[in-house]
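Structure first, then comments.
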Amino acid sequence: MKAAKDQQLKLLELQQIETIIDQLNYKAKHLPEVKELDSARAALPIAENELINRKTTVADLQVLVKRADADVEQVRIRIERDSALIDGGTLSAKDIVNMQHELETLKRRQLNLEDEELEIMAQVEQAQLEVNKFDAEFESAKSRLNVAAAAADALLKEIYAEKNAKQIQAQELRTQLDTELLKLYDKIKSDQGGVGAAALKGKTCEGCRIEISATDLAVINSASPDDVIRCDECRRILVR
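Counting in our numbering, the sequence shown runs from 244 upward without gaps.
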């Protein structure tokens, strides 16, 4: 293939610009601030789920407290009713004895229910402390995400602005290049990890960093300036 010298130099310039674009893409993905942002984003739903679980536990325990309170109230009403019957003087001596036994049983039942209710209320108190703890952690996770997003966005804005300027330059150069030369460059670039053209510096191909033999160098130097030369080692377009 043949291409004018200025075309080959523009191709090398294109490669340099597109290499910068690749470097900017890599930089954007590997910024410590972006890694921190990704970590903060992953941590937030975990903290939220932990908080929801603790709130659910409190809600479930509060249901048990209400149920226990209702049971205590039911027994208390029965105690009041039986006490009123005993005090009313309408019961026989036998019925009074039976009623007194029932009252003793009800009072023991009331004490047990009240103890159970107190135990559940203590669990509610402890569970609420857990809610407070994880609520603080959730708020901390949200704050961390906001700070990380602000830091990452500021740096990414700079990177993307530079990348956009380089892309405009690259696109302008591409419109000035021979179609076949550009097609060859893009294919090699795709096959060779993003580098399709490299400069010949002295005896070294800047693409693979391998020194060219004296024999091959003599062939290259004797070639016409418009001959498109490729490195025998890496097969990239070699711009002299």
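Don't be surprised by glycine CBs; every beta carbon is placed ideally from N, CA and C.
Quantities reported herein were computed from a predicted structural model and do not represent experimental measurements.
Under 8 angstroms between C-beta atoms of residue i and residue j
i: LEU307; j: PHE381; result: no
i: VAL315; j: GLU347; result: no
i: LEU425; j: LEU481; result: no
i: ILE363; j: LEU280; result: no
i: ARG379; j: LEU287; result: The displayed chain sequence assigns Ala, not Arg, to residue 379. Not in contact: ALA379 and LEU287 (Cβ atoms no closer than 8 angstroms).
i: LEU354; j: ASP325; result: no
i: ILE463; j: ARG483; result: yes
i: LEU398; j: LEU252; result: no
i: LEU420; j: GLN250; result: yes
i: LEU267; j: GLU405; result: yes
i: VAL318; j: ARG352; result: yes
i: ALA370; j: ARG297; result: yes
i: ASP435; j: ARG387; result: One point to set straight first is that residue 435 is Gln, not Asp, in the sequence displayed. Contact: no.
Supposed contact pair residue j and residue i - C-beta distance, whole angstroms, cut 8 angstroms
i: GLY450; j: ALA457; result: The pair is not a contact, with the Cβ atoms about 19 angstroms apart (cut-off 8 angstroms).
i: ILE320; j: GLN343; result: Actually they are not in contact, since the Cβ atoms of ILE320 and GLN343 sit about 18 angstroms apart, beyond 8 angstroms.
i: ALA283; j: ALA393; result: Not confirmed; about 11 angstroms, so no contact.
i: ALA271; j: ILE402; result: 5 angstroms
Beta-carbon proximity list for residue i, same chain, < 6 angstroms, skipping 5 on both sides
i: VAL277; result: ALA395
i: CYS477; result: GLY450, CYS451
Assigned exposure category for residue i - 16 Cβ within 10 Å defines buried
i: VAL374; result: buried
i: GLY439; result: buried
i: ARG452; result: exposed
i: GLU360; result: buried
i: ALA327; result: exposed
i: LEU372; result: exposed
i: ALA247; result: exposed
i: ALA290; result: buried
Cβ-based neighbour list, residue i, same chain, cut-off 8 angstroms, excluding 5 preceding and 5 following
i: LYS245; result: SER467, ASP469, ASP470, VAL471
i: ASP265; result: GLY437
i: GLU345; result: ASP325
Chain-order list of residues whose beta-carbon lies under 7 angstroms from that of residue i (same chain, five-residue window excluded)
i: ASP429; result: GLY439
i: LYS432; result: VAL438, GLY439
i: LEU254; result: LEU420, LEU424, TYR428, ALA440, ILE480, VAL482
i: ARG473; result: ARG479, ILE480, LEU481
i: VAL367; result: VAL301, LEU304, GLN305, VAL308
Stretch pair the segment 409-421 + the segment 257-267: three plus CB contacts closer than 8 angstroms: Contact between the segment 409-421 and the segment 257-267 is present, with at least three C-beta pairs closer than 8 angstroms.
Does the segment 457-468 come within contact of the segment 413-425, defined as at least 3 CB pairs closer than 8 angstroms? Pairwise C-beta distances place the segment 457-468 out of contact with the segment 413-425, as fewer than three of them are shorter than 8 angstroms.
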